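Working notes, structure below.
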Amino acid sequence: DIQMTQSPSSLSASVGDRVTITCRASQTISSYLNWYQQKSGKAPKLLIHAASSLQSGVPSRFSGSGSGTDFTLTISSLQPEDFATYYCQQSYTTPLTFGPGTKVDIK
Amino acid sequence: EVQLLESGAGLVQPGGSLRLSCAATGLIFSNYAMSWVRQAPGKGLEWVSSISGNGGSTYYADSVKGRFTISRDNFKNTLSLQLNSLRAVDTAIYYCAIGDTVTASSFAYWGQGTLVTVSS
Chain A
1 DIQMTQSPSS
11 LSASVGDRVT
21 ITCRASQTIS
31 SYLNWYQQKS
41 GKAPKLLIHA
51 ASSLQSGVPS
61 RFSGSGSGTD
71 FTLTISSLQP
81 EDFATYYCQQ
91 SYTTPLTFGP
101 GTKVDIK
Chain B
108 EVQLLESGAG
118 LVQPGGSLRL
128 SCAATGLIFS
138 NYAMSWVRQA
148 PGKGLEWVSS
158 ISGNGGSTYY
168 ADSVKGRFTI
178 SRDNFKNTLS
188 LQLNSLRAVD
198 TAIYYCAIGD
208 TVTASSFAYW
218 GQGTLVTVSS
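Chains A and B, in that order, are what the protein sequence lines are. Residue 1 is where the first sequence starts when you use this note's numbering, and the numbers rise one by one after that. Residue 108 is where the second sequence starts when you use this note's numbering, and the numbers rise one by one after that.
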């Protein structure tokens with residue numbers, strides 16, 4: 001199985017900050033990497049698919065990069081509505097696997 | 108607008124069974140793979156099972172293989188998950204989600220989730 005790790009597991013940031021979350025796969029997954037945002041009590045929401053493609057309707061302050069085993073989600077200027085938990089997920093092969101999540105909260 | 112609505116939530120004793128359903132609207136259902144993803148209380152996301160658009164291929168996490176069965180009815184636009192031999196560790200919110208394909212895709216749409224509690 002492909003293991004996904006994320007760092008940091010949590011971070012505190014202020015509105016307007018640039019935030020970067022990293023995700024690493026235990027083996028190469030090409031660009032089959034997705035990012036989701038989940039707010040408390042809500043279903044996850046797709047932000048980025050195929051490592052760097054912004055999902056329709058998602059603000060452009062979100063961006064993704066990487067390929068192979070190392071990936072990054074960047075929020076260029078953190079907004080109040082961005083405080084949430086972020087998960088990466090590989091779709092290269094089954095079993096599909098998620099990272100453990102990164103919780104972004106208010107400093 | 109694509110909408111997914113899960114049903115079937117419940118409290119069940121260990122060893123018991125439950126059937127979850129997910130009704131889809133706003134899309135050509137048979138064109139899409141469907142999946143179940145669960146989230147235990149306070150924990151992260153865990154993929155459970157997926158099924159191809161025509162229902163011919165199914166996939167399971169090792170943790171549920173042999174106990175859970177995924178199926179779909181492309182005439183009724185409905186996805187189902189039969190949960191047997193339930194264990195306390197199966198307690199979670201179960202989400203249905205849509206992807207273009209099982210792999211090389213993403214979960215673009217999610218239901219609101221349905222809670223399964225396994226407890227005596």
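Note that the Cβ used here is the ideal one computed from N, Cα and C, for glycine as well. Predicted model only: the values in this text are computed from it and were never measured.
Mind checking which residues open and close the beta strand (DSSP E) that includes glycine 149 of chain B?
Walking along the second sequence from the start, residue 149 of chain B turns up at place 42. Premise fails: glycine 149 of chain B is in no beta strand (DSSP E) and is neither H nor E.
Expressed to the nearest angstrom, what Euclidean distance is found between the alpha-carbon atoms of glutamine 38 of chain A and alanine 13 of chain A?
For the purposes of this step, residue 38 of chain A is taken as the residue at position 38 of the first sequence. For the purposes of this step, residue 13 of chain A is taken as the residue at position 13 of the first sequence. Their backbone Cα atoms lie some 17 Å apart in a straight line.
Counted within 10 angstroms of its Cβ, other Cβ atoms place glutamine 79 of chain A as buried (16 or more) or exposed:
For the purposes of this step, residue 79 of chain A is taken as the residue at position 79 of the first sequence. Counting Cβ neighbours within 10 Å, glutamine 79 of chain A comes out exposed, since fewer than 16 surround it.
C-alpha distance - serine 130 of chain B paired with phenylalanine 62 of chain A, whole-angstrom precision
The residue labelled residue 130 of chain B in the question sits at position 23 within the second sequence. The residue labelled residue 62 of chain A in the question sits at position 62 within the first sequence. Sequence check: residue 130 of chain B is alanine here, not serine. About 31 Å.
Here's the rule: buried if 16 or more other CB atoms are within 10 angstroms of the residue's CB, otherwise exposed. What is serine 56 of chain A?
In the first sequence, residue 56 of chain A corresponds to position 56, counting from 1. Burial call: exposed.
Could you tell me which chain A residues have their CB closer than 8 Å to the CB of glycine 162 of chain B, listed as they occur along the chain?
For this step, residue 162 of chain B is matched to residue 55 along the second sequence. By Cβ distance, chain A contributes nothing, its closest Cβ being about 16 Å from glycine 162 of chain B, past 8 Å.
Quick check on alanine 43 of chain A - is its C-beta less than 7 Å from some C-beta in chain B?
In the first sequence, residue 43 of chain A corresponds to position 43, counting from 1. Taking Cβ atoms only, chain B reaches closer than 7 Å to alanine 43 of chain A, which makes this a yes.
Rounded C-alpha distance that separates proline 8 of chain A from threonine 85 of chain A
By one-based count along the first sequence, residue 8 of chain A stands at place 8. By one-based count along the first sequence, residue 85 of chain A stands at place 85. Approximately 11 Å, taken between the alpha carbons.
So, does the region 190-199 of chain B touch the region 64-72 of chain A, judging by three or more C-beta pairs under 8 Å?
no
Taking three-plus beta-carbon pairs below 8 Å as touching, is the region 113-122 of chain B in contact with the region 43-56 of chain A?
no
At a CB-CB cut-off below 7 Å, which residues of chain A make contact with alanine 202 of chain B?
Counting from 1 along the second sequence, the entry for residue 202 of chain B is found at position 95. Per the sequence shown, the amino acid found at residue 202 of chain B is tyrosine instead of alanine. What tyrosine 202 of chain B touches in chain A: Ala43.
Quick one: what does DSSP say phenylalanine 136 of chain B is sitting in, helix, strand or coil?
What you label residue 136 of chain B is simply residue 29 of the second sequence in a count that begins at 1. It is helical.
Going by beta carbon distance, what residues of the same chain come within less than 7 Å of glycine 122 of chain B, once the five residues before and after it are set aside?
As a working note, residue 122 of chain B is residue 15 in the second sequence. Once the five neighbours on either side are set aside, the close Cβ partners of glycine 122 of chain B are Ser192, Leu193.
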